[in-house]
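Colleague: Handing you a structure now.
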DNA sequence: GTTTACAGTTCTCCTAATGTTCTATACTCT
DNA sequence: AGAGTATAGAACATTAGGAGAACTGTAAAC
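Chains as they are written, first to last, in our numbering: chain A, 1 to 198; chain B, 1 to 198.
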């Protein structure tokens with residue numbers, strides 16, 4: 001992997017970057033590890049870039065970025081693994097960060113707070129937040145925000161019947177499904193994710 | 001990434017803005033960093049805008065805003081209101097944006113994927129992600145990641161018994177609660193939020 | 001409404017700092 | 001010895017930063 005000298009260079013760059021906010025020049029690196037040739041420093045830096053420990057911005061002064069930093073989007077958390085009753089936490093192979101933006105953010109998305117227990121069967125509880133992506137069509141069986149008669153908005157599972165009518169299903173055995181003529185139902189968005197705070 | 005000089009300019013702008021409440025002019029910036037040319041100051045400011053460190057309001061004197069303030073919008077979604085079966089979407093008064101960072105991000109937090117149905121009673125399903133905040137104590141009745149005998153990690157509701165022992169409760173009627181001596185149980189973190197993608 | 005001071009914009013010219021490439025040499029292993 | 005690594009230092013190319021002039025636009029004073 002890295003040679004001892006390369007490791008010292010990398011450590012120096014890390015510290016410098018943390019303290020000053022910008023990368024060291026080659027001369028500073030050379031001084032930092034106790035050599036006098038910037039040409040040599042240049043070779044170490046090239047080697048580090050080759051090993052993907054850092055990224056270089058070509059033809060830019062102090063154009064060094066740590067590979068680690070590039071990995072971490074601002075909206076991410078470490079993803080430790082899978083937890084299950086009766087077993088130690090098990091790492092998820094090949095994935096160690098969770099990009100929350102991916103789950104939540106998007107151009108046409110908005111949040112709604114859920115009131116009531118009509119979707120309790122799929123784990124959407126009273127007070128939960130749901131993220132909705134605006135759109136006017138949806139696949140069969142998707143969970144949608146539907147507007148009925150331009151009056152009532154509701155979060156339900158959508159099913160198209162052969163008759164052409166539309167069935168809106170609450171995920172709650174106590175609430176019977178409702179069937180409407182297609183004209184009466186307008187889709188406002190599709191459920192993309194869900195969020196709860198404890 | 002910022003150059004050393006750009007960094008100094010940014011620092012100066014920050015301080016100026018904090019002290020005076022409005023942004024510095026180009027001449028003031030030039031003086032502030034010890035140069036005499038406002039043309040040069042202008043170039044630095046342009047570079048900072050390019051790097052998204054600040055935002056410029058075109059054709060306005062002292063029209064500089066720090067990006068940090070505007071940055072928050074990247075972590076938020078419009079919060080339209082409350083949706084309930086049988087009613088139109090109702091706006092939530094005094095709140096129109098949802099700050100996701102608030103829900104999810106934090107210094108000592110990490111994510112776990114849930115396996116199994118042991119917490120189905122409170123709407124945590126197989127495959128959901130939970131956000132855990134690292135800590136070694138928890139309030140009674142909190143949902144925690146507990147390590148039993150340093151071997152098995154599990155997500156359960158915690159309850160302390162008068163006997164001093166600890167009861168770990170699965171939110172699933174099919175899974176009976178377990179009772180352990182306090183020594184055998186170590187808390188690794190507390191559930192702070194939960195996330196699901198559809 | 002005109003004037004005026006202030007501020008932003010766009011240039012060009014210049015210099016020092018820095019990155020890049022090269023050759024020659026030395027050290028340390030097996 | 002030969003491969004791999006490290007160093008020094010020279011020569012050259014490019015970039016970042018600076019100075020200052022000339023111009024344009026803004027806002028407040030008159």
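Every residue, glycine too, gets a C-beta built ideally from N, C-alpha and C.
Given that residue 137 of chain A touches chain B, what residues does it touch there, using C-beta distances under 7 angstroms?
Modeller: Result: empty, since nearest Cβ-Cβ is about 16 angstroms, beyond 7 angstroms.
Colleague: Comparing C-alpha positions only, which one of B:171, B:108, B:142 and B:34 sits nearest to residue 135 of chain B?
Modeller: Comparing Cα-Cα distances from residue 135 of chain B to each of B:171, B:108, B:142 and B:34, the minimum goes to B:108.
Colleague: Under three-state DSSP, which class holds residue 152 of chain B?
Modeller: DSSP places residue 152 of chain B in strand when its eight states are reduced to three.
Colleague: Please confirm if residue 47 of chain A has its CB atom under 8 angstroms from at least one CB of chain B.
Modeller: It does not: the Cβ of residue 47 of chain A has no partner Cβ on chain B nearer than 8 angstroms.
Colleague: For a test of the three-state rule: what should DSSP assign to residue 19 of chain B, helix, strand or coil?
Modeller: Three-state DSSP puts residue 19 of chain B in a helix.
Colleague: Compile a chain-ordered list of the residues in the region 21 to 34 of chain B whose CB is closer than 7 angstroms to at least one CB of chain A.
Modeller: So the list is empty, because no residue satisfies the distance condition.
Colleague: Please tell me whether residue 111 of chain B and residue 187 of chain B are closer than 8 angstroms, where the distance is taken between their beta carbons.
Modeller: Cβ atoms of residue 111 of chain B and residue 187 of chain B: not closer than 8 angstroms.
Colleague: Identify which residue in B:21, B:36 and B:189 has its Cα closest to the Cα of residue 153 of chain B.
Modeller: Residue B:189 is the option with its Cα nearest to residue 153 of chain B.
Colleague: Taking the continuous beta strand (DSSP E) assigned at residue 32 of chain B, which residues delimit it?
Modeller: No beta strand (DSSP E) holds residue 32 of chain B; the alpha helix (DSSP H) holding it covers 26 to 33.
Colleague: Can you tell me which of A:7, A:40 and A:174 puts its alpha carbon nearest to the alpha carbon of residue 53 of chain A?
Modeller: That would be A:7, whose Cα lies nearest to the Cα of residue 53 of chain A.
Colleague: From residue 183 of chain A to residue 171 of chain B, what does the alpha carbon distance come to, in whole angstroms?
Modeller: Approximately 42 angstroms between the Cα atoms of the pair.
Colleague: Would you please state the rounded distance, in angstroms, between the beta carbons of residue 145 of chain A and residue 83 of chain B? I believe it to be under 8 angstroms.
Modeller: That belief holds up - the Cβ atoms of residue 145 of chain A and residue 83 of chain B are roughly 6 angstroms apart, short of 8 angstroms.
Colleague: Is residue 106 of chain A closer than 8 angstroms to residue 114 of chain A when the C-beta atoms are compared?
Modeller: Going by C-beta atoms, residue 114 of chain A is not nearer than 8 angstroms to residue 106 of chain A.
Colleague: So, with DSSP's three-state summary, where would you put residue 43 of chain A?
Modeller: Of the three classes helix, strand and coil, the one that applies to residue 43 of chain A here is helix, per DSSP.
Colleague: By the criterion of Cβ-Cβ separation under 8 angstroms, what are the contact partners of residue 40 of chain B in chain A?
Modeller: Under the 8 angstroms cutoff, chain A gives no residues; its nearest Cβ is about 16 angstroms from residue 40 of chain B.
Colleague: Alpha carbons only, please: which of A:162, A:159, A:57 and A:100 is nearest the one belonging to residue 196 of chain B?
Modeller: Measuring from the Cα of residue 196 of chain B, the nearest candidate turns out to be A:100.
Colleague: Verify the contact flag: residue 99 of chain A, CB atom, against every heavy atom of the ligand NAD, threshold strictly below 7 angstroms.
Modeller: The ligand content of the structure shown is nil, which means the ligand NAD is not present either.
Colleague: Could you pull out every residue in the same chain whose Cβ sits closer than 8 angstroms to the Cβ of residue 41 of chain A, ignoring the five residues on either side in sequence?
Modeller: Closer than 8 angstroms at Cβ, skipping near neighbours: 9, 26, 27, 29, 30, 33 and 35.
Colleague: For chain B, is any of its Cβ atoms less than 8 angstroms away from the one on residue 59 of chain A?
Modeller: No, no contact with chain B.
Colleague: With H, G and I counted as helix, E and B as strand and the rest as coil, what does DSSP make of residue 50 of chain A?
Modeller: Correct three-state label for residue 50 of chain A: helix.
Colleague: Just the chain B side, please: which residues come within less than 8 angstroms of residue 111 of chain A by C-beta, in chain order?
Modeller: In chain order: 77, 78, 79, 80 and 98.
Colleague: Mapping the DSSP letters down to three states, classify residue 171 of chain B as helix, strand or coil.
Modeller: In the structure shown, residue 171 of chain B sits in coil (DSSP, three-state: anything other than H, G, I, E or B).
Colleague: Determine whether the Cβ of residue 116 of chain A lies closer than 8 angstroms to any Cβ atom of chain B.
Modeller: Output row for residue 116 of chain A: interface = yes.
Colleague: Output yes if chain A places a C-beta closer than 8 angstroms to the C-beta of residue 70 of chain B; else output no.
Modeller: Note that residue 70 of chain B has pLDDT 45, beneath the 50 cutoff, so the model's placement of it is unreliable and the number below is only indicative. False, the Cβ-Cβ gap to chain A never drops below 8 angstroms.
Colleague: Given that residue 131 of chain A touches chain B, what residues does it touch there, using C-beta distances under 7 angstroms?
Modeller: Under the 7 angstroms cutoff, chain B gives 77.
Colleague: Using a Cβ cut-off of 8 angstroms, pull out every chain A residue sitting near residue 123 of chain B, in sequence order please.
Modeller: Under the 8 angstroms cutoff, chain A gives 120, 123, 124, 125, 128 and 196.
Colleague: Using a Cβ-Cβ distance cut-off of 8 angstroms, determine whether residue 103 of chain A contacts chain B.
Modeller: Interface residue, yes.
Colleague: Suppose contacts are defined by Cβ-Cβ distances below 8 angstroms. Is residue 64 of chain A in contact with residue 120 of chain A by that definition?
Modeller: Taking 8 angstroms as the Cβ cut-off, residue 64 of chain A and residue 120 of chain A do not qualify as a contacting pair.
Colleague: Quick one: what's residue 78 of chain A bridged to in DSSP?
Modeller: In DSSP, residue 78 of chain A forms a bridge with A:97.
Colleague: Can residue 22 of chain A and residue 2 of chain B be called in contact, C-beta distance under 8 angstroms?
Modeller: Yes.
Colleague: Indicate the three-state DSSP secondary structure (helix, strand or coil) for residue 162 of chain A in the structure shown.
Modeller: Three-state result, residue 162 of chain A: coil.
Colleague: State yes or no: is the beta carbon of residue 191 of chain B nearer than 8 angstroms to at least one beta carbon in chain A?
Modeller: Cβ-Cβ to chain A under 8 angstroms: yes for residue 191 of chain B.
Colleague: Give a yes or no on whether the minimum CB-CB distance between residue 73 of chain B and chain A is below 8 angstroms.
Modeller: In this prediction, residue 73 of chain B scores a pLDDT of 44, lower than 50, which makes its location untrustworthy; the coordinate-derived value is nonetheless stated afterwards. Judged by the 8 angstroms Cβ criterion, residue 73 of chain B is not in contact with chain A.
Colleague: Can you name the residues that DSSP bridges to residue 121 of chain B?
Modeller: For residue 121 of chain B, which the question treats as bridged, DSSP gives no partner whatsoever.
Colleague: Using 8 angstroms for Cβ pairs, my map puts residue 191 of chain A next to residue 148 of chain A. What's the rounded Cβ distance?
Modeller: With a Cβ gap of about 17 angstroms, residue 191 of chain A and residue 148 of chain A do not count as contacting.
Colleague: Shorter than 8 angstroms from the beta carbon of residue 265 of chain A to some beta carbon of chain B?
Modeller: Nothing about residue 265 of chain A can be reported from this structure: the residues present for chain A run from 1 to 198 only.
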